[in-house]
Amino acid sequence: MSIVRELRQAVVDCNARGLMESSRWAAQQLAGLPEEETGTGEASLEPVQPVWSREDDRHALARCHFDVKEYRSAAHVLSDCTSPKSTFLRLYSLYLAGEKRKEEERAEAAGGRPPRVSPQNAELEGLEAELSRLCAGSADGFLLYLLGLVRLDGASLDGARQALVAAVRAYPANWCAWKALQRACPDLPAALALGLPEHPARAFFLASLAVDLHDSGEALGWLEELAPRFPASDVLVQLAAEAHYNLQNFDEAQALFEDLLARDPHRLEGMDVYSNILYVKEESAALSHLAHSTALNDKYRTETCCIIGNYHSLKGQHERAAQYFRRALKLNPNCLSAWTLMGHEYVELKNPPAAIEAYRRAVDVNPRDYRAWYGLGQTYELVDMPYHALYYFKRAVFLRPRDARMWNAMGHCFQAGGEAEYGLAIRCHMRALPHDKEGVSLHELAKLHARLGQRAQAAHYHRLVLERMDAEGLEGQDAVEALTYLADCYEAEGDTTAAEACLTRLLEYGAHSKESARSAMDQLRCALGSAATPVRPDTPPSR
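In UniProt numbering, the protein residues as written are 1 to 543.
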């Protein structure tokens, strides 16, 4: 079967089973194929008039219940139906009914606090037993997918992987099965060792997994391979945009998201990530326009609430921002970005317990997202618990080993332990050094060596601080501290020319630095017996 016929059939099959994400994915990939490949002809499905049966009537009624989230009614209507699509819809409805009840129990926790034991889907045990029986010797890719999903939620990762690999082999165009398999794969090598089918969906899966693991370079490599085959795929463009966002290539990511908006001005999928970029770049006008347009489009979508929350946060309205993130979580309790962003807002509102709870919920949703671990570390650091913070920063650095922020944060925690742990702090900042675009690690290394009395090493890093700032045309307190320290070093070494050069540069900075530099310059000249006139102040003394 050609890829066009397969994708068209997937749109029909997945839609009949209530797998709307898979149905949309297949339709998006059809739209992403070259026009000449999707024209009418042999690639089209043959127009066959279906024979409508009594079971089809019941399936249609069940789909109506399913679409309005009356999952138990849907399952009840299909209780005697035996066709593959009806069997799947019945069992999937029971699964979603259990998920719905689980979230209700969480929301009903006393005093709004989370229960000590996290609620579980009560349907999992019965579903696994029935699905295991139905899937024994069966090649129904949809039932195998549901079995894998049930096992995944039951923390049976090996069994889940086995079922999900069988599911994607039996029906490769079911994107939901690939996404579930993504949750079961700890890393890319483990995924590559699974013996996945040679299918375009495999490359999309590997790219999506790489983005999820923040291995964005690998993700972009897979996407480059797919681009000639799917030149107009929105899925491909969004994955590339998210990969660039993870790499902090904000300009490239912004351009790709704007390309998606040019194709569909009413698009909502992925626009919450786009709003994060606008927030980081402080493009308030663009973020305001995005918030307004998405609110007009669909006010009660999770993405819309996150976008509006970001807009209020950028304006400093943190309570309003938290309100919109809470609204997003009512719509989708598993929205990772909403939990993380709400944690950020509670930090701004000086409510550490609420921030910690939000970040922990984000970790529950996706333990592989470094932002929540990093947020937990920052929050514990704010409440002066550096060793608790260190644990969470270690989890974050495991997920982002090439992110300087994680290593620098660990270094700060070790600094809190006093001089005995300065060596560990130095090691952390050294690990940050090759990836540090902000120069934080250079400044910290200079300070630590100075505290340890290692003047040569401290002077070396202070010089590097100045070189970086001069190369980038920057000014600031780091330069003031570097020049002050180097002036003292040069004076101690007897290099008065270099010391005077540093002090002269200090005169270019703020009033306090100027006065300190003038005083040091006068002392230096007096020590040398210089007859030079002392540096005059900018304003005459008061009369």
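Heads up, the beta-carbon is just placed ideally off N, CA and C, and yes, glycines get one too.
- The straight-line gap separating the alpha-carbon atoms of Tyr485 and Gly473 is approximately 20 Å.
- Taking 7 Å as the cut-off, the Cβ atoms of Tyr274 and Asn310 do not count as close.
- The residues Arg402, Asp403, Ala404, in chain order, have a CB closer than 7 Å to that of His435 in the same chain once the five nearest residues on each side in sequence are set aside.
- Lys437 carries a coil assignment under DSSP once its states are collapsed to helix, strand and coil.
- If you draw a straight line from the Cα of Ile307 to the Cα of Asp298, it comes to about 12 Å.
- Take Ala482, set aside five residues on each side of it, and the residues of its chain with a beta-carbon closer than 6 Å to its own are His462, Val465, Leu466, in chain order.
- The alpha-carbon separation between Glu21 and Cys176 amounts to approximately 7 Å.
- By the neighbour-count criterion, in which 16 or more other beta carbons inside 10 Å mark a residue as buried, Gly32 falls on the buried side.
- Met406 is the residue among Val383, Met406, Arg5 whose C-alpha sits nearest the C-alpha of Phe393.
- Within the model, the alpha-carbon separation for Leu341 versus Ala136 is close to 44 Å.
- For Tyr490, the closest of Ala479, Leu503, Asp478 by C-alpha to C-alpha distance is Leu503.
- Residue burial annotation: Gln28 is buried, with at least 16 other C-beta atoms found within 10 angstroms of its C-beta.
- Here Lys330 carries a helix assignment [DSSP, helix/strand/coil].
- Every alpha helix (DSSP H) stretch that sits fully inside the segment 146-174 and reaches 4 residues is listed by chain position as 157-170.
- Contact check between the segment 177-188 and the segment 8-18: fewer than three CB pairs, one atom from each, fall below 8 Å, which does not count as touching.
- The segment 236-256 and the segment 212-224 touch, with no fewer than 3 CB-CB distances between them shorter than 8 Å.
- Take Ser313, set aside five residues on each side of it, and the residues of its chain with a beta-carbon closer than 8 Å to its own are Tyr279, Ala321, Leu341, His344, Glu345, Glu348, in chain order.
- Assignment of Ser337 by DSSP, reduced to helix, strand and coil, places it in the helix class.
- Approximately 14 Å separates the beta-carbon atoms of Glu438 and Gly411; this is outside 8 Å, ruling out the contact.
- For the pair Leu256 and Arg267, the CB atoms are not nearer than the 7 Å cut-off.
- Assignment of alpha helix (DSSP H) within the segment 214-298, counting only whole runs of 4 or more residues, yields 216-226, 234-246, 250-263, 271-280, 284-297 in chain order.
- The residue from Leu209, Tyr374, Leu7 with its alpha-carbon nearest to that of Ala409 is Tyr374.
- Between the alpha carbons of Ala396 and Leu336 lies a distance of about 16 Å.
- For the options Met430, Gly417, Asp470, the alpha carbon positioned closest to that of Gln457 is the one of Met430.
- Cys428 carries a helical assignment under DSSP once its states are collapsed to helix, strand and coil.
- Looking only at Arg326, Leu448, Pro197, the smallest Cα-Cα distance to Ala107 is reached by Arg326.
- A distance below 7 Å separates the beta carbons of Ala163 and Leu147.
- Taking the Cα positions, Glu99 is about 30 Å away from Leu236.
- Scanning its chain for C-beta atoms nearer than 6 Å, with the 5 sequence neighbours on each side dropped, one finds around Gln415 the residues Ala425, in chain order.
- Distances from the CA of Ala60 to each of Leu127, Ser86, Glu37, Cys428 were compared; the closest alpha carbon is that of Ser86.
- Only exposed fits Tyr300, as fewer than 16 other CB atoms lie within 10 angstroms of its CB.
- Between Ala97 and Arg63 the beta-carbon gap is near 15 Å, outside 8 Å, which marks them as no contact.
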